[in-house]
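Chains as they are written, first to last, in the working numbering: chain A, 5 to 703; chain B, 9 to 324. Where is the CB? At the ideal position from N, CA and C, for every residue including glycine.
What follows is the structure, encoded as structure tokens:
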């Protein structure tokens, strides 16, 4: 809290850069006749930037005087929103009724509907069928043996693409067995095989509806942002009240978190299906349903698979939080190991999550590709056509029976497991002892020259001024509606009494997003430029996004101590993935004819990249930037774990006090920041696109 | 699987020997919550084993330490074996105030929370463990980092843990800056890091926990806590401020769903009777966290060695 007092009176250099980022790009290029108007706006924005700096510099003198209320929202301006929400939730969970049924009865029924398939998956993969409970439980029927599950993964891979994929998928699962993560991994797998299909199906339905109806799209957009940005911790307690305690509540929290990208991608993908194809379907006499089902969705499949990928990744991302409310599995192992500072144990369990994620992702991608390529059905007798399922079933039965005599066939023997724990622990120790002082110096430089100046600058701004700036920017970029939205959301931040925390959040996420963008964009370009680089970076981003941040957070704390710098590293690492992935995807999907045309016109590689590929990939890159911001904000709760004083901390405090209202208020404040950022970027992008002469969403 | 079978055999044997026990009042499973620290896993597993000896069905459910109150109120969950006076008081008070959750008394474990330093720091700050040594600027400087110098750096617990360290530093006139770690794991990660380098550190440590067992160190001796110290500014060394003393020590409570005693009266009595000591617990935590043994083995051992004790808990 040393810096919160805002004693840094002199204007820091980095503050200027921040203003530049804050004042959006000048308006789209109007026809030549309106150049004068544009110049006027430039002058105005320049003036505002200077005024902002002056205000920040004057803050220490003015914010204590009679103008103090303009700097920090006064207490009389804060209605008791939190109390109202708490009361509403209490009413919802105890008294609210829809018709003859209490709300909780409906939600409990829903929970039971999800629990049944989940129990089945769990019995099949881990527990087997037992009689009795707890320590007296006696297995009456074993689960699938580890050999059978590995064989199933291999068969699925071979079926989907070929032996290489089969061996890869089998290898991933074998890793789980060899490293002694099998039991936990299967618990996690059981929740994934339930959560992912629900998330994908829900995303498809909502995304299609949003594509079909603009009003629905507009109504859905803020809901999606809320689903993705309100930290899970904020709605954990209400979910537990509504859906009961245990794995189902964890599944529902997971689905809420993992579904939004699927919705967004579905809508975007359907919009990008070329108009000719849609028209052809109409001419061929398709009903709207047939057109959607037989033409539009298959045509959009490659893009849809990006969404499926995201759902799988985000589902596995939630395993840590899910394990806190009863999901168990690998997430629990990670938490448990790190609590004991068994860093190697945490890394092994974390890498097991990555292995699981990568295997699932590759298999689903290959299956989708296969479905699209519509190979001719294999002819021949039944057995030949179904040779893979039959083989797997035979392996399952055989190993199950043999397992009765030789337990090693049923569950992987403990004596054959390998561990690298000592290696990781020693590695961190060695780095710590050898390099701590260098790290300390680097951290000090980053803090004094970048982080603290930005933080002081943002905290020194009067809230009324920020409110005015955001409103003006919104109005200028997106018209009256966006201006009003910005005004209301920033006002919300002020009214909740969380202004200081909101500015701290802005600072921490802003710096991290800029850093992630600076690293991610070039990496994305690199990934798109060569297949090898693409594959390597794909593996790196997948790892970063699925390796629970907790795994690297603790070693980072050991090397950098608790504080903002550590938080920034964690947020940047986590938010990097979409910046790389969307950039690469956007660059790759530029139509080859256009690139060829460029080559024929004699463009150099650089010119093709800068003049053709990058501009055409802008919509995708901006989607990536949007996702980067969303992910950065979703990491806030994790940053709270290393002692930052931002909105994430407020959510965390509310959770530990079981204060539903305060948690949701702080969670919604996070969402407010996200929505403002998202809308301003989208509006700026639209203007940019119009200037480049690109059609909306066109390629 | 072999382990499950072995456990089943042990349990069956227990059933035979304990044949005189009354049948359970309900076959429904009693749900005990598991959290993510070893001590709690041990207490809960012991309780589960004891209840199973008495013939009850038991289910262990993973749940968050504080979020679990949602489940305890509705009866989705039934028993939480460790609710620390020092960290869970607010949530527990809120829950018991609704009448849906009840406190089943102390586990017998006493939570200690205090400033703590590794033993090698005693050379650099002679006079410890007496707190007055920390008032010496040279001593504070020994604990300083670049960001806090010349003040010392005290690493406190998560903001949510309370503890009044910011107030304590002012009230006792200590030249220290309080930095809050966000979580338990981050807190001890810093300790591990400092210990590896034999670097200065003074921080919040609590017991029962593996850290004071693994690292050699001592608690700082502040003026002992009394309720007046926290409530009455006039009390103590600083006549104008409260918190001029050490932290309170407090019991670790057992809490349960209010319907427990009605549905399983015998189980509720057994849980109320459950009692272990800090020393026992410390030895078991060390066996798991430091020697790498499994919780199940350690619990089985305790059960075998303490049959007379737990039999009394479930006797009619």
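Check your understanding: Looking at C-beta atoms only, is the number of pairs between the stretch 470-488 of chain A and the stretch 535-547 of chain A that lie closer than 8 Å three or more?
Key -> no
Check your understanding: For residue 271 of chain A, which residues of its own chain have a beta-carbon under 7 Å away from its beta-carbon, when the five flanking residues on both sides are left out?
Key -> Start at 1 with the first residue of the first chain, and residue 271 of chain A comes out as number 267. Here the set comprises 211, 214, 215, 221.
Check your understanding: Which residues mark the beginning and the end of the alpha helix (DSSP H) in which residue 261 of chain B is found?
Key -> Translated into the one-based positions of the second chain, residue 261 of chain B becomes position 253. Per DSSP, residue 261 of chain B belongs to no alpha helix (DSSP H); it is in the beta strand (DSSP E), 258-265.
Review point. Which runs of the alpha helix (DSSP H), 4 residues or longer, sit entirely within the stretch 320-381 of chain A?
Key: 323-328, 334-343, 347-377
Point to revise | Within 8 Å, strictly: CB atoms of residue 536 of chain A and residue 646 of chain A | key: Along the first chain, one-based indexing puts residue 536 of chain A at 532. Along the first chain, one-based indexing puts residue 646 of chain A at 642. Their beta carbons are not under 8 Å apart, which means residue 536 of chain A does not touch residue 646 of chain A by this criterion.
Review point. Based on Cα-Cα distance, which residue from A:116, A:192, A:569, A:44 lies nearest to residue 364 of chain A?
Key: Position 360 of the first chain, counted from the start, is the residue given in the question as residue 364 of chain A. For residue 364 of chain A, the nearest C-alpha among the options comes from A:192.
**Study point:** Cα-Cα separation, residue 630 of chain A to residue 668 of chain A
**Key:** Taking the first chain and counting its residues from 1, one reaches residue 630 of chain A at position 626. Taking the first chain and counting its residues from 1, one reaches residue 668 of chain A at position 664. Distance between the alpha carbons of residue 630 of chain A and residue 668 of chain A: 22 Å.
Point to revise | Terminal residues of the beta strand (DSSP E) in which residue 292 of chain B lies | key: Here residue 292 of chain B is taken as the residue at index 284 of the second chain, counted from 1. Residue 292 of chain B -> not in any beta strand (DSSP E); alpha helix (DSSP H) instead, spanning 286-293.
Review point. Looking at chain B, which residues of the stretch 343-355 of chain A have a Cβ within less than 7 Å of any of its Cβ atoms?
Key: 343, 344, 345
Exercise for review: Starting from residue 135 of chain B, follow the beta strand (DSSP E) in both directions and report where the run begins and ends.
Suggested key: To locate residue 135 of chain B, count along the second chain from 1; it is residue 127. That run of the beta strand (DSSP E) goes 134-137.
Review point. What does DSSP give as the partner residues of residue 67 of chain B in its beta bridges?
Key: Here residue 67 of chain B refers to the residue found at position 59 when the second chain is read from its first residue. DSSP lists B:39 as partners of residue 67 of chain B.
Check your understanding: If contact means a Cβ-Cβ distance below 7 Å, which residues of the stretch 197-219 of chain B contact chain A?
Key -> 197, 198, 200, 201, 204, 205, 218
Practice item. Determine, using beta carbons only, whether residue 325 of chain B and residue 94 of chain B come nearer to each other than 8 Å. Key: The structure shown has nothing for residue 325 of chain B, since chain B only spans 9 to 324.
**Study point:** Contacting positions in the stretch 244-257 of chain A - beta carbon closer than 8 Å to chain B
**Key:** 244, 245, 248, 249, 250
Check your understanding: What do you reckon, are the CB atoms on residue 331 of chain A and residue 323 of chain A nearer than 8 Å?
Key -> Position 327 of the first chain, counted from the first residue, corresponds to residue 331 of chain A. Position 319 of the first chain, counted from the first residue, corresponds to residue 323 of chain A. For residue 331 of chain A and residue 323 of chain A, yes; Cβs fall inside 8 Å.
Exercise for review: Note down the Cα distance separating residue 3 of chain A from residue 349 of chain A, rounded to an integer number of angstroms.
Suggested key: Here chain A has residues from 5 to 703 only, and residue 3 of chain A is not among them.
Practice item. Kindly indicate if chain B contains any beta-carbon less than 8 Å away from that of residue 190 of chain A. Key: The residue given as residue 190 of chain A occupies position 186 in the first chain. Cβ-Cβ to chain B under 8 Å: no for residue 190 of chain A.
Check your understanding: Considering only residues of the same chain and omitting the five flanking positions on each side of residue 59 of chain B, which have a CB-CB separation below 7 Å?
Key -> Counting from one through the second chain, the residue named residue 59 of chain B turns up at place 51. Taken in chain order, the residues that qualify are 38, 66, 275, 278.
Review point. Got a sec? Which residues, its chain only, sit under 7 Å from residue 559 of chain A by beta carbon, not counting five neighbours each side?
Key: As a first step, residue 559 of chain A is located in the first chain; it is residue number 555 there, counting from the start. Hits under 7 Å: 347, 432.
**Study point:** Cβ neighbour criterion (16 or more within 10 Å) applied to residue 237 of chain A
**Key:** By one-based count along the first chain, residue 237 of chain A stands at place 233. Buried, since its Cβ has 16 or more Cβ neighbours within 10 Å.
Review point. How about residue 108 of chain B and residue 70 of chain B: do their beta carbons lie closer than 8 Å?
Key: As a first step, residue 108 of chain B must be located in the second chain, where it is residue number 100. As a first step, residue 70 of chain B must be located in the second chain, where it is residue number 62. In this structure, residue 70 of chain B does not lie closer than 8 Å to residue 108 of chain B by Cβ.
Review point. Using DSSP with H/G/I as helix, E/B as strand and the rest coil, what is residue 102 of chain A?
Key: Residue numbering aside, residue 102 of chain A sits at position 98 when the first chain is read from its first letter. DSSP places residue 102 of chain A in strand when its eight states are reduced to three.
Point to revise | Interface partners of residue 240 of chain A on chain B, CB under 8 Å | key: Indexing the first chain from 1 puts residue 240 of chain A at position 236. Ordered by position in chain B, the residues that pass the 8 Å Cβ test against residue 240 of chain A are 72, 75.
Practice item. Answer yes or no: does any C-beta atom of chain A fall closer than 8 Å to that of residue 85 of chain B? Key: On the second chain, position 77 is the one that residue 85 of chain B refers to. Answer yes: the Cβ-Cβ gap between residue 85 of chain B and chain A drops below 8 Å somewhere.
Review point. With 8 Å set as the bound, which would you pick, yes or no: does the beta-carbon of residue 448 of chain A sit closer than that to a beta-carbon of chain B?
Key: Within the first chain, numbered from 1, the residue matching residue 448 of chain A stands at position 444. Yes, residue 448 of chain A lies at the interface with chain B (some Cβ there is under 8 Å from its Cβ).
Point to revise | Near-chain A residues of the stretch 90-107 of chain B - C-beta to any C-beta below 7 Å | key: 98, 99, 102
**Study point:** C-beta atoms of residue 195 of chain B and residue 211 of chain B nearer than 8 Å
**Key:** Along the second chain, read from residue 1 onward, the residue named residue 195 of chain B stands at position 187. Along the second chain, read from residue 1 onward, the residue named residue 211 of chain B stands at position 203. Contact flag set, yes.
Review point. Could you check where the alpha helix (DSSP H) with residue 187 of chain A kicks off and where it finishes?
Key: Start at 1 with the first residue of the first chain, and residue 187 of chain A comes out as number 183. Segment 186-216, the alpha helix (DSSP H) holding residue 187 of chain A.
Practice item. Count the CB pairs spanning the stretch 577-588 of chain A and the stretch 630-640 of chain A that are closer than 8 Å, and state whether there are at least three. Key: yes
Check your understanding: According to the neighbour-count rule (16 or more other Cβ atoms, all chains shown, within 10 Å of its Cβ), is residue 314 of chain A buried or exposed?
Key -> As a working note, residue 314 of chain A is residue 310 in the first chain. That one is buried.
Point to revise | Any C-beta of chain B under 8 Å from that of residue 334 of chain A | key: Here residue 334 of chain A refers to the residue found at position 330 of the first chain. It does not; no Cβ of chain B falls within 8 Å.
Exercise for review: Assign residue 29 of chain A to one of two classes, buried (16 or more other C-beta atoms within 10 Å of its C-beta) or exposed (fewer than that).
Suggested key: The count along the first chain starts at 1 and reaches residue 29 of chain A at position 25. A caution first: residue 29 of chain A carries a pLDDT of 41, below 50, which makes its placement in the model unreliable, though a value can still be read off. Exposed: under 16 other Cβ atoms inside 10 Å.
Practice item. Please report the Cβ distance between residue 90 of chain B and residue 46 of chain B, rounded to the nearest whole angstrom; I am assuming they are in contact, meaning their Cβ atoms lie under 8 Å. Key: Translated into the one-based positions of the second chain, residue 90 of chain B becomes position 82. Translated into the one-based positions of the second chain, residue 46 of chain B becomes position 38. No, residue 90 of chain B and residue 46 of chain B are not in contact; Cβ-Cβ is about 11 Å, not under 8 Å.
Review point. So what does DSSP say about residue 625 of chain A, is it helix, strand or coil?
Key: In the first chain, the residue the question calls residue 625 of chain A occupies position 621. It is helical.
**Study point:** Integer-rounded CB distance, given that residue 451 of chain A should sit under 8 Å from residue 569 of chain A
**Key:** Position 565 of the first chain, counting from 1, holds the residue named residue 569 of chain A. Position 447 of the first chain, counting from 1, holds the residue named residue 451 of chain A. Confirmed, about 6 Å.
Practice item. Give the secondary structure of residue 219 of chain A by DSSP, where H, G and I count as helix, E and B as strand, and everything else as coil. Key: Start at 1 with the first residue of the first chain, and residue 219 of chain A comes out as number 215. Helix at residue 219 of chain A.
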